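Student: Below you'll find the structure I mean.
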Amino acid sequence: MKQMIKKLAVVLSVALVCAPMGAMAANKLIVKKADGVTDALVVTDTGWLGMGVSAPFYPIHIQQAGNANVTKLYFNNTGNPAGYTIWDSPALIFMRNNNATTGPNGTLPTAGDRLGSFSFGSVINGVDRTLGNVQVFAKSAATASSAPTYMTFDTTNTGALNASERMRINEVGSVGIGTIAPRQKLEINGGVRLLTTATKPLCDLANSWQSSGTFWFTTGATGVKDSLEVCAKDAGGNFAWRTIY
Numbered sequence: 126m127k128q129m130i131k132k133l134a135v136v137l138s139v140a141l142v143c144a145p146m147g148a149m150a151a152n153k154l155i156v157k158k159a160d161g162v163t164d165a166l167v168v169t170d171t172g173w174l175g176m177g178v179s180a181p182f183y184p185i186h187i188q189q190a191g192n193a194n195v196t197k198l199y200f201n202n203t204g205n206p207a208g209y210t211i212w213d214s215p216a217l218i219f220m221r222n223n224n225a226t227t228g229p230n231g232t233l234p235t236a237g238d239r240l241g242s243f244s245f246g247s248v249i250n251g252v253d254r255t256l257g258n259v260q261v262f263a264k265s266a267a268t269a270s271s272a273p274t275y276m277t278f279d280t281t282n283t284g285a286l287n288a289s290e291r292m293r294i295n296e297v298g299s300v301g302i303g304t305i306a307p308r309q310k311l312e313i314n315g316g317v318r319l320l321t322t323a324t325k326p327l328c329d330l331a332n333s334w335q336s337s338g339t340f341w342f343t344t345g346a347t348g349v350k351d352s353l354e355v356c357a358k359d360a361g362g363n364f365a366w367r368t369i370y
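Quick note: the sequence shown uses my numbering, first residue 126, plus one each step.
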């Protein structure tokens, strides 16, 4: 009986909120929780959706609290009746076009336009602070045949409240750490440390597919020099660790 009363209360609350109410604020679709009081889902008259929040700040705003109500989005694809393909998986797709009144899809992105991002952060002193990002930008103005992009990774340093770019993958796949213009497949503005505490791999013909070109640094004991080696073959095709230092 109590469950029936609760369900009736939910239906009545939806009907009352959706009905025209004269001078009241914007009409909304509201679904109450089992207590008949707390908002579980809200749709504003602008189409914004709030789950767990009565006044959504964004087009889709989800808010929960506590370990039992961790905020999650769950996507699951369970099959394709037409036959399996490698694309049968959940996906988040970000698309950007500018002025939608120009052409069938609007004008194309221009240099520096952000095409999509994942942002991470916290509300600090009542302000949303973005403390980390993974973002994709247009490298140059897109055309019907070319639309180059680059991806950035941002973090926030100690003593700061805003994220800064730390790593970039440019339009040809080169990676820059500490630089926004890598000129080789990997360019690092700073030092690179080798701390090889794992087992040194074999450097021979059988293992050359995974060891060839590997650098290995060994820290010498007291009174013994450190060593730096590379797995490489000689003119006779023999693989071995070659001492650089």
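Note that the Cβ used here is the ideal one computed from N, Cα and C, for glycine as well.
No experiment lies behind these values; they were computed from the predicted model shown.
Any idea if N295 is buried or exposed, counting beta-carbon neighbours within 10 angstroms, 16 or more meaning buried?
Tutor: Result: buried.
Student: What does the alpha-carbon distance come out to for the pair D164 and I155?
Tutor: The straight-line gap from Cα to Cα measures roughly 7 angstroms.
Student: Taking S179 as part of the alpha helix (DSSP H), name the residues at either end of that continuous run.
Tutor: Per DSSP, S179 belongs to no alpha helix (DSSP H) and is neither H nor E.
Student: Please confirm whether L198 and I249 have their CB atoms less than 8 angstroms apart.
Tutor: No, the pair does not count as a contact, with Cβ atoms beyond the cut-off.
Student: Which class does A365 belong to by DSSP, given the choice of helix, strand or coil?
Tutor: In this structure, A365 counts as strand in the three-state DSSP scheme.
Student: Cβ atoms of L233 and T268: under 8 angstroms apart, would you say?
Tutor: Yes, the Cβ-Cβ distance between T268 and L233 is below 8 angstroms.
Student: Have a look at the DSSP bridge pairing and note the partners of M276.
Tutor: According to DSSP, M276 bridges with V261, I294.
Student: Would DSSP call S289 helix, strand or coil?
Tutor: In the structure shown, S289 sits in a strand (DSSP, three-state: E or B).
Student: When DSSP builds the beta bridges, which residues end up paired with C356?
Tutor: DSSP, once it has assigned bridges, lists W366 as partnering C356.
Student: Take the Cβ of R367 as the centre, count every other Cβ of all protein chains shown within 10 Å, and call the residue buried at 16 or more, exposed below.
Tutor: When all chains shown are included, R367 counts as exposed.
Student: DSSP three-state call for K127: helix, strand or coil?
Tutor: Unreliable placement is indicated for K127, whose pLDDT of 47 sits below 50; the coordinate value is still reported in the next sentence. Correct three-state label for K127: helix.
Student: Is the region 171-179 touching the region 187-204, taking contact as three or more C-beta pairs under 8 angstroms?
Tutor: As far as the Cβ criterion goes, the region 171-179 touches the region 187-204, which means the pair count is three or higher.
Student: Go ahead and label G298 buried or exposed: buried means 16 or more other beta carbons lie within 10 angstroms of its beta carbon, across all protein chains shown.
Tutor: It is exposed - the Cβ of G298 has fewer than 16 other Cβ atoms within 10 Å.
Student: I'd like to know whether the C-beta atoms of K264 and A236 end up nearer to each other than 8 angstroms.
Tutor: Result yes, Cβ atoms of K264 and A236 sit closer than 8 angstroms.
Student: Excluding the five sequence neighbours on either side, which residues of its own chain have a C-beta within less than 6 angstroms of the C-beta of W212, listed in chain order?
Tutor: None.
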